[in-house]
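Protein sequence lines correspond, in order, to chains P, U and V.
For any residue, its number in this note's numbering is found by taking its place in the first sequence, counting from 1, and adding 41.
For any residue, its number in this note's numbering is found by taking its place in the second sequence, counting from 1, and adding 8.
For any residue, its number in this note's numbering is found by taking its place in the third sequence, counting from 1, and adding 123.
Yeah, the Cβ is synthetic: ideal placement off N, Cα and C, and Gly gets one too.
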Amino acid sequence: MTATAEAPAARGSSAATQQQSGSDKKQSASREGWVRRAPLLPALIFAIIVTQVPFLFTLYYSLQSWNLVRPGSRSFVGFDNYIAVFGDRVFREAALNTILITGGCVLISLLIGLGLALLLDRPFPGRGLARTLLITPFLVMPVAGALLWKTTMFDPTFGIVNFVLGPFGGGDIDWLSTYPLAAIIIALVWQWTPFMMLLLLAGLQSQDRSSLEAAAVDGAGPFQMFVSITLPHMRRYIELSVLLGAIYIVNTFDHIYMMTSGGPGTASANLPFYIYQRAFLGFDIGEAAAMGVVVVVGTIIVATFALRVIFKSFTQETS
Amino acid sequence: MSTQTSTPSKETTSDVGAAPKRSRGPTSGTALTVLTWFLALTFFFPIFWMVVTGFKNESDAYTETPKLFFAPTLSQFNNVLDKAAPFAVNSLVATTASTILVVLLAVPAAYALSIRPVKKTQDVLFFFISTKMLPLVAVIVPLYVIIGQIGALDNIWVMIVLYTAMNLPIAVWMMRSFLLEIPGEVLEAAAMDGAGLAKMWRHVMIPMTAPGIAATALICVIFAWNEFFFAVNLTASASSTVPVYLVGFIASQGLYFAQLSAAATLASLPVVIAGWIAQKQLVRGLSMGAIK
Amino acid sequence: MSALAACGGAGTWGSGSADQIVVAIVTNSQMTDAISLSDKFEADNPDISLRFVALSENEARAKITASVATDGGEFDVVMISNYETPMWAENGWLVNLQPYAEQTEGYDPDDFIPTVRESLSYKDDLYSVPFYGESSFLVYRKDLFKKAGLKMPAKPTWPQVQDFAKQLDDPEKGLAGICLRGLAGWGEVLAPLDTVINTFGGRWFDQDWNATLDSPESKEAINFYIDTVRQYGTPGAAQASFAECATQYTQGNAAMWYDATSMVGTVESKEDSKVVGKNGYVQAPVKETDHSGWLYSWSLGIPETSENPEAAWKFLSWMTNKEYMKLVGNEIGWASVPPGSRLSTYEIPEYAKAAKAFAKPTLTAMKNADQDDPTVDPVPYVGIQFVRIPEFQDLGTRVGQQMSAAIAGQITTEEAIAQSQAYAEAVGKTYQEDN
Numbered sequence: 042m043t044a045t046a047e048a049p050a051a052r053g054s055s056a057a058t059q060q061q062s063g064s065d066k067k068q069s070a071s072r073e074g075w076v077r078r079a080p081l082l083p084a085l086i087f088a089i090i091v092t093q094v095p096f097l098f099t100l101y102y103s104l105q106s107w108n109l110v111r112p113g114s115r116s117f118v119g120f121d122n123y124i125a126v127f128g129d130r131v132f133r134e135a136a137l138n139t140i141l142i143t144g145g146c147v148l149i150s151l152l153i154g155l156g157l158a159l160l161l162d163r164p165f166p167g168r169g170l171a172r173t174l175l176i177t178p179f180l181v182m183p184v185a186g187a188l189l190w191k192t193t194m195f196d197p198t199f200g201i202v203n204f205v206l207g208p209f210g211g212g213d214i215d216w217l218s219t220y221p222l223a224a225i226i227i228a229l230v231w232q233w234t235p236f237m238m239l240l241l242l243a244g245l246q247s248q249d250r251s252s253l254e255a256a257a258v259d260g261a262g263p264f265q266m267f268v269s270i271t272l273p274h275m276r277r278y279i280e281l282s283v284l285l286g287a288i289y290i291v292n293t294f295d296h297i298y299m300m301t302s303g304g305p306g307t308a309s310a311n312l313p314f315y316i317y318q319r320a321f322l323g324f325d326i327g328e329a330a331a332m333g334v335v336v337v338v339g340t341i342i343v344a345t346f347a348l349r350v351i352f353k354s355f356t357q358e359t360s
Numbered sequence: 009m010s011t012q013t014s015t016p017s018k019e020t021t022s023d024v025g026a027a028p029k030r031s032r033g034p035t036s037g038t039a040l041t042v043l044t045w046f047l048a049l050t051f052f053f054p055i056f057w058m059v060v061t062g063f064k065n066e067s068d069a070y071t072e073t074p075k076l077f078f079a080p081t082l083s084q085f086n087n088v089l090d091k092a093a094p095f096a097v098n099s100l101v102a103t104t105a106s107t108i109l110v111v112l113l114a115v116p117a118a119y120a121l122s123i124r125p126v127k128k129t130q131d132v133l134f135f136f137i138s139t140k141m142l143p144l145v146a147v148i149v150p151l152y153v154i155i156g157q158i159g160a161l162d163n164i165w166v167m168i169v170l171y172t173a174m175n176l177p178i179a180v181w182m183m184r185s186f187l188l189e190i191p192g193e194v195l196e197a198a199a200m201d202g203a204g205l206a207k208m209w210r211h212v213m214i215p216m217t218a219p220g221i222a223a224t225a226l227i228c229v230i231f232a233w234n235e236f237f238f239a240v241n242l243t244a245s246a247s248s249t250v251p252v253y254l255v256g257f258i259a260s261q262g263l264y265f266a267q268l269s270a271a272a273t274l275a276s277l278p279v280v281i282a283g284w285i286a287q288k289q290l291v292r293g294l295s296m297g298a299i300k
Numbered sequence: 124m125s126a127l128a129a130c131g132g133a134g135t136w137g138s139g140s141a142d143q144i145v146v147a148i149v150t151n152s153q154m155t156d157a158i159s160l161s162d163k164f165e166a167d168n169p170d171i172s173l174r175f176v177a178l179s180e181n182e183a184r185a186k187i188t189a190s191v192a193t194d195g196g197e198f199d200v201v202m203i204s205n206y207e208t209p210m211w212a213e214n215g216w217l218v219n220l221q222p223y224a225e226q227t228e229g230y231d232p233d234d235f236i237p238t239v240r241e242s243l244s245y246k247d248d249l250y251s252v253p254f255y256g257e258s259s260f261l262v263y264r265k266d267l268f269k270k271a272g273l274k275m276p277a278k279p280t281w282p283q284v285q286d287f288a289k290q291l292d293d294p295e296k297g298l299a300g301i302c303l304r305g306l307a308g309w310g311e312v313l314a315p316l317d318t319v320i321n322t323f324g325g326r327w328f329d330q331d332w333n334a335t336l337d338s339p340e341s342k343e344a345i346n347f348y349i350d351t352v353r354q355y356g357t358p359g360a361a362q363a364s365f366a367e368c369a370t371q372y373t374q375g376n377a378a379m380w381y382d383a384t385s386m387v388g389t390v391e392s393k394e395d396s397k398v399v400g401k402n403g404y405v406q407a408p409v410k411e412t413d414h415s416g417w418l419y420s421w422s423l424g425i426p427e428t429s430e431n432p433e434a435a436w437k438f439l440s441w442m443t444n445k446e447y448m449k450l451v452g453n454e455i456g457w458a459s460v461p462p463g464s465r466l467s468t469y470e471i472p473e474y475a476k477a478a479k480a481f482a483k484p485t486l487t488a489m490k491n492a493d494q495d496d497p498t499v500d501p502v503p504y505v506g507i508q509f510v511r512i513p514e515f516q517d518l519g520t521r522v523g524q525q526m527s528a529a530i531a532g533q534i535t536t537e538e539a540i541a542q543s544q545a546y547a548e549a550v551g552k553t554y555q556e557d558n
C-alpha cells in the first residue's frame, strides 16, 4: 500500500470562506489561520522548548573550558574546544566507528531482512508462527539483548557462540576484546534485521500480483521477475528502511555501554558513547559540548540529503 | 519516479497475498520452507536460551557445554521480581503517562497538518522529523546541568516530559497518515449534517482512527519502555526504570547469568507480548505511517 | 517545584513519615553484603528508610562525581575513596564528619588504621569514614606450587613472579599463570599497573610536572605488565576488573592473582569459591622499592547538599562501627568482614582465627603503604596507585583505555605509552602554568 496522498488542502473550510468580502476576508483569513494553528501549537511549542533550547545551551557550553570537578576552572575560550576536538585522534576513531557500525549494520540487516522477507512472502506451513519468531529480536529490550549477547552468547568460556564454533576450531575467541566492533555489529544486526524484514515484507506484499502473474505466464523465471518487477517496486521501501534504520542506529548507545564500554580502550566507542564518556567520566563539559555540536552539524548535512528522499517517499502520490 | 502503472493493491498485511506459483516442483518449495524455518529458529534461539537460562541455578548456567536439561527453579524469577518491582512501577508510570501525553498533543497537531492544514505544513513536518534525527547526546549535558540546578534530577516527571518529546515526532507523523485516510466524503457528509468540530471528533474522526491511535500508542510504549540513555543519566534511584535496573548486572561479582536471564526475560516480556499481538500495527508505526 | 520533587518516582512514594536516605555505593561483595544486612538497620531505626543505588565501579564513580560536583543532590550518602575525599573536602562538597564521629558514643574514630584515617582527612578532620581499606598483595595456589615444585619467597620480586607465571601457565588445561586486571578505568587496570610503575622506578610526573610515562623505567614497567598479561594472563583480560579476576581465580582458572587485599572475602568464601583454604598470601611483588602495595579505602561521605545529614550519619556510622563487623561475621561469615579499616576488627577472636592466613599480610601491607612517598624518585603529587589531582579521573580514564587496548592487542604498547604520555603532558602543563 502506498504512502498517503497529499494533504487535501481546503477540506471543510471552503464553504465557510466563500461568501465574504474585501477586508472582511483578510480578517477572517488571518483568524482562520490561527484557528488552524491552534491545535498544532501545544505540540510544536513543547517540542521546541524541550529539544531546541537545550541545544542552545550546548552551543554556549562549547565555547567554555569547564571541568566539572575543578571548580573555578570555568572560563570562556572561544573555539579552543573545537580545535582540540578535531585534533583528537580518538574523536576521529569514534567517528569512523560510527560510520562502520551504522553502515555495516544497516547493510547486513537489509540484506538478511530482504532475504527473510522474500522467504516469508510465500505461503508455507506455520508461516504466521515463523514470522512471529522472526520479529521477536526487535521487540526484546535493547539493553537486555546487549547484556545477553555479552554474557550468554559471547562469553569466551561459557558462551554459546564459542560452543557452536568449537568443532570448527574457533572456540577460543574472546569476542568482546578481540573483535569488539564485530561483536557489536552482530548484536545490532540481530536486533534490526526484523525491522528491515517487516518493512520490506510489507513492500513485497504490496506488489501488484497481476503483473507478476502476467510475467510468469510470459515465461519469465523467478530471478528475472525479481530483478525487473520486484526490485523497482521495492526501491522506495528499501530507501525508507535504510534511512529509518540509519537514523536509529547512528545513535546507538545501549549496546556499546553494556557490551564493551567502548573498549578495549576506545576501540569500539562510537560518537554518542565517546561524548558521553567525555562528559560523564571525564567531566570535560566544554569539550563534550563541542563534540556534540560537531556531531549535530554532521547529522544536519547528511540529514538534509536523506530527508529529501524520505519526503518523496512519504508524500508521494500513488502513481 | 518509478514507471509502474500498477494501482494500489488491497490491504497488504494479511497472510493471504497469493504469491505467483513457482514453475519448479514441490522440492524447491520444501527446501525453502526448511530454510525459512531454520533461519527463524536461529534468530529466535538467543531468546529461547534467555528464557531457559532464567530457570537455571547459577551453577547450571556456567557450564562449558551448555546445559539443555536441568532441574528448573523459579528462584531467579522470584528474586528478580522482588528487586525489580520499584523499577517496573517507574517504567509503567513513565511509559503510560508519556504515551497519554503524546497522544493528547499529537492528535490535534496531526489534525492541523492534515484535515485542516496550516500554511507551513511541510516545514512543520520537516521540523518534527528533524528533532528525531538530532543526536540525544548533544543535549544531554545541558539537560543534566539544568535539571540538576532546578533540583529535579531523579524525578519521574522529568522522564515523562522527555519521553513525550522523544515520541512526539513519530506520533505526529503517524496520526497524520491515519487522519489522511479518512475519506473526504465522510467528513463533508458530517459537516453537511451540521456537525460541529467536537461532534466530528467524537463520531467520525476518533472512531475511524481508533486503530491508528492504538498503533501510535503501541510504538510510543515500545520506545518509552526501552529507553535507556536518558534513564541512566538522569535518574539515580527513585525514578529509575527497568533498563537502569539491568545496568546493575555489568561486572557483577560472582555468578549471575541465570539471574540476568530471568531479569532480561521479565524486562522484555511486556513489549514482546504487545508486539506479538499487534504485528500489523507494528509495521505502520515503525515506518512512521508511511507503510500500511 | 517542591510538589514535583515530592512525587519523584516509585522510590519516594509510600515513604510516609520516614526519612528516606539515598545511598550510592559500588557493587563489591562487601557492599552487597551490607545491602543484604540493611534491613537490620531499618528495624533498629524505623524512622529511616534506605534506598540503594548500586553500580559497578566506573559507573558509580561517574554518577557520584557528577552529582556531587553539580550539587545535584541525588544522594545522601556517597561511596568515595581516599582519592576524592581530600579534594572534595577542600571544595566544600562534603560534610565534615569529625564532630559527628567524636560525638557518637562508642564510634571511636581513633580505632581506624592510621594510614587510612589520614588519607580520608583534610586538615586533620575526617571527611569520610572508611568502610574498608585495602592494599594490594599476591595470592597464589599453594597446591599448584607444591605440585610444580616451586617455592614462593616471602618477598617476591616481579621478575620472579613472572617466571612462576610462565611455568604454571597451562592454556590447554584452562589455567592461566596469573590473573591481572586489564579493564579500562583509573581504578581498574591503572591500580595494579601504577604500583608496578612505581616499583620499577617510574613515575607519572617529575617535580617540575613534566610527564614521565615514557621514561625508561616507566616504559619497562608498562611493557612488563602488558607482556605478562598477554602471555600468561586469563582470556578476556582486557575486560577483566576485580570481579572477573575474582571469578577466574576462585573457579580455579588462575594460579596467581595480584590484586586488592580485600579479595579475601571472595577467595575464602565457602559459597562462591572452589579454592578455599588452598591459598597463600605474600606481599606485593617489588623491584626497586621495599614495598609496592597500594593504599585505597572505599569510604562513605555525606554531600553538603543532603537534606538529612543526621539520618545519613546514623546509617554511615552503623555501616562502619565495631558492631557492624561482628554482625557481618556472625550473619555472613568471618572471611567477609570488611577488612583494613579498624584495628579492633583484628582483635576479634573469631575473625583472627578465620583470617589467620591473610590478616598479617593485610595489616603489614596497609601499614607500609605510604601515599606521600610512593616512588623511587620524588614526585609532586600524593597517591600510590593514583595521582591525587582532579584531572586524574579524566587522565586516568584515558590512559587506562590506552593500556587496556594494548592488552587486547588493538594497539602496540609503544602507541599506548606515546598517547598516554601526550595526555599526561597536557595535564602537566596546566600545573606548570600554575607554578
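Open item on the list: For N181 (chain V), count the other beta carbons within 10 Å of its own beta carbon; 16 or more makes it buried, fewer makes it exposed. Which is it?
Closed with: In the third sequence, counting from the first residue as 1, residue 181 (chain V) sits at position 58. The residue is buried, with at least 16 neighbouring Cβ atoms inside 10 Å.
Task: Beta carbon proximity, V110 (chain P) to chain V, threshold 8 Å - done: In the first sequence, residue 110 (chain P) corresponds to position 69, counting from 1. Using a Cβ-Cβ cut-off of 8 Å, V110 (chain P) counts as an interface residue toward chain V, since at least one Cβ of chain V sits closer than that to its own.
TODO: Go ahead and label P191 (chain U) buried or exposed: buried means 16 or more other beta carbons lie within 10 angstroms of its beta carbon, across all protein chains shown.
DONE: Taking the second sequence and counting its residues from 1, the one referred to as residue 191 (chain U) is at position 183. Counting Cβ neighbours within 10 Å, P191 (chain U) comes out exposed, since fewer than 16 surround it.
Open item on the list: Is A105 (chain U) a contact residue of the ligand MG, with contact defined as CB to any heavy atom under 7 Å?
Closed with: Within the structure as shown, the ligand MG is missing, as the structure has no ligands at all.
Open item on the list: If you measure between the beta carbons of G463 (chain V) and Y255 (chain V), is that distance less than 8 Å?
Closed with: Residue mapping note: residue 463 (chain V) aligns to position 340 of the third sequence, counting from 1. Residue mapping note: residue 255 (chain V) aligns to position 132 of the third sequence, counting from 1. Taking 8 Å as the Cβ cut-off, G463 (chain V) and Y255 (chain V) qualify as a contacting pair.
Task: Residues that Y255 (chain V) bridges to, as DSSP identifies them - done: If you number the third sequence from 1, residue 255 (chain V) lands on position 132. Answer by DSSP bridge pairing, in chain order: V:W421.
Task: Contact check, I297 (chain P) vs A310 (chain P), beta carbons under 8 Å - done: Here residue 297 (chain P) refers to the residue found at position 256 when the first sequence is read from its first residue. Here residue 310 (chain P) refers to the residue found at position 269 when the first sequence is read from its first residue. Contact: yes.
Task: Proximity below 8 Å, CB of V131 (chain P) to CB of Y317 (chain P) - done: Along the first sequence, read from residue 1 onward, the residue named residue 131 (chain P) stands at position 90. Along the first sequence, read from residue 1 onward, the residue named residue 317 (chain P) stands at position 276. No. Outside cutoff.
- [ ] With distances taken Cα to Cα, identify the nearest neighbour of L316 (chain V) among V:A369, V:E165, V:F347.
- [x] Working through the third sequence from its first residue, we reach residue 316 (chain V) at position 193. Among V:A369, V:E165, V:F347, the Cα nearest to that of L316 (chain V) belongs to V:F347.
TODO: Determine the DSSP secondary structure at I320 (chain V), reduced to helix, strand or coil.
DONE: Counted from its first residue, the third sequence places residue 320 (chain V) at position 197. It is helical.
Open item on the list: For the segment 136-166 of chain V, list every residue whose C-beta sits within 9 Å of some C-beta in chain P, in sequence order.
Closed with: none
TODO: Please list, in chain order, all residues of the same chain as A117 (chain U) whose beta carbon is under 7 Å from its beta carbon, the five residues on each side excluded.
DONE: Here residue 117 (chain U) refers to the residue found at position 109 when the second sequence is read from its first residue. Counting only Cβ-Cβ distances below 7 Å, and skipping sequence neighbours, we find V180.
Task: the segment 407-420 of chain V touching the segment 494-507 of chain V, judged by at least three CB pairs closer than 8 Å - done: yes
Open item on the list: So for I206 (chain V), helix, strand or coil by DSSP?
Closed with: If you number the third sequence from 1, residue 206 (chain V) lands on position 83. First, the residue type needs correcting, since residue 206 (chain V) is Tyr and not Ile in the sequence shown. Residue state, collapsed to three classes: coil.
- [ ] Compare the C-beta of N122 (chain P) against all C-beta atoms of chain U and say whether one is closer than 8 Å.
- [x] Sequence index remark: in the first sequence, residue 122 (chain P) carries index 81 (1-based). It does not; no Cβ of chain U falls within 8 Å.
Open item on the list: Report the CB separation of S251 (chain V) from I203 (chain V) in whole angstroms; it is logged as a contact under 8 Å.
Closed with: Taking the third sequence and counting its residues from 1, one reaches residue 251 (chain V) at position 128. Taking the third sequence and counting its residues from 1, one reaches residue 203 (chain V) at position 80. Contact flag correct, Cβ pair sits at about 6 Å.
Open item on the list: For the beta strand (DSSP E) containing N402 (chain V), name the first residue and the last one.
Closed with: Here residue 402 (chain V) corresponds to residue number 279 of the third sequence, with the count starting at 1. Looking at the DSSP string, the run of the beta strand (DSSP E) that includes N402 (chain V) is 402-406.
Open item on the list: Using 8 Å as the threshold, is the C-beta distance between L217 (chain V) and P513 (chain V) below it?
Closed with: Numbered from 1 along the third sequence, position 94 holds the residue referred to as residue 217 (chain V). Numbered from 1 along the third sequence, position 390 holds the residue referred to as residue 513 (chain V). No, the pair does not count as a contact, with Cβ atoms beyond the cut-off.
Task: Contact belief for K265 (chain V) with K479 (chain V) at Cβ below 8 Å, rounded distance in angstroms - done: Your numbering for residue 265 (chain V) matches position 142 in the third sequence. Your numbering for residue 479 (chain V) matches position 356 in the third sequence. With 8 Å as the limit, K265 (chain V) and K479 (chain V) do not qualify as a contact, their Cβ atoms being about 14 Å apart.
Task: Sub-8 Å separation of N122 (chain P) and S150 (chain P) beta-carbons - done: Here residue 122 (chain P) refers to the residue found at position 81 of the first sequence. Here residue 150 (chain P) refers to the residue found at position 109 of the first sequence. Contact annotation: N122 (chain P) and S150 (chain P) have beta-carbon atoms that are not nearer than 8 Å.
Task: Residues that K186 (chain V) contacts on chain U, provided the C-beta gap is smaller than 8 Å - done: Translated into positions along the third sequence, residue 186 (chain V) becomes position 63. Near K186 (chain V) (Cβ distances below 8 Å), the residues of chain U are A244.
- [ ] Report all residues from its chain with a CB closer than 6 Å to the CB of C302 (chain V); omit the five preceding and five following residues, and keep chain order.
- [x] Counted from its first residue, the third sequence places residue 302 (chain V) at position 179. The answer, listed in chain order, is T357, C368, Q371, Y372, A377, W380.
Open item on the list: Please report the straight-line C-alpha distance between A344 (chain P) and K127 (chain U), rounded to a whole angstrom.
Closed with: Working through the first sequence from its first residue, we reach residue 344 (chain P) at position 303. Working through the second sequence from its first residue, we reach residue 127 (chain U) at position 119. Approximately 24 Å, taken between the alpha carbons.
Open item on the list: Can you pull the chain P neighbours of M141 (chain U), defined as C-beta to C-beta under 7 Å?
Closed with: The residue given as residue 141 (chain U) occupies position 133 in the second sequence. Simply I288, T340, A344.
TODO: Answer yes or no: does any C-beta atom of chain V fall closer than 8 Å to that of D68 (chain U)?
DONE: Counting from 1 along the second sequence, the entry for residue 68 (chain U) is found at position 60. Not an interface residue.
TODO: With DSSP as the reference, label D247 (chain V) as helix, strand or coil.
DONE: Locating residue 247 (chain V) in the third sequence gives position 124, counting from the first residue. Coil, per DSSP.
TODO: Quick one: list the residues of chain V neighbouring F324 (chain P), beta-carbon separation under 8 Å, in chain order.
DONE: Position 283 of the first sequence, counted from the first residue, corresponds to residue 324 (chain P). The contacting residues are T188, A189, A192, Q516, D517.
TODO: Give the single residue among P:I225, P:A228, P:E280 whose Cα lies nearest to the Cα of L240 (chain P).
DONE: By 1-based counting over the first sequence, the position of residue 240 (chain P) is 199. It is P:E280.
Task: Whole-angstrom distance between V291 (chain P) and I140 (chain P), CA atom to CA atom - done: Walking along the first sequence from the start, residue 140 (chain P) turns up at place 99. Walking along the first sequence from the start, residue 291 (chain P) turns up at place 250. Computed Cα separation, rounded: 8 Å.
Task: Under 7 Å from the C-beta of R304 (chain V): neighbouring residues of chain U - done: Residue mapping note: residue 304 (chain V) aligns to position 181 of the third sequence, counting from 1. Within 7 Å Cβ-Cβ: nothing; R304 (chain V) doesn't reach chain U, min ~11 Å.
Open item on the list: I'd like to know whether the C-beta of N214 (chain V) is nearer than 8 Å to at least one C-beta of chain P.
Closed with: Reading the third sequence from its first residue, position 91 is the one you call residue 214 (chain V). Yes, N214 (chain V) lies at the interface with chain P (some Cβ there is under 8 Å from its Cβ).
Task: 8 Å Cβ cutoff, D273 (chain P) in contact with chain V - done: As a working note, residue 273 (chain P) is residue 232 in the first sequence. The sequence given here places Pro at residue 273 (chain P); Asp does not occur at that position. Not closer than 8 Å to any Cβ of chain V, the Cβ of P273 (chain P) fails to qualify, so no.
Task: V252 (chain U) versus Y264 (chain U) - alpha carbon distance - done: Counted from its first residue, the second sequence places residue 252 (chain U) at position 244. Counted from its first residue, the second sequence places residue 264 (chain U) at position 256. One C-alpha to the other measures close to 17 Å.
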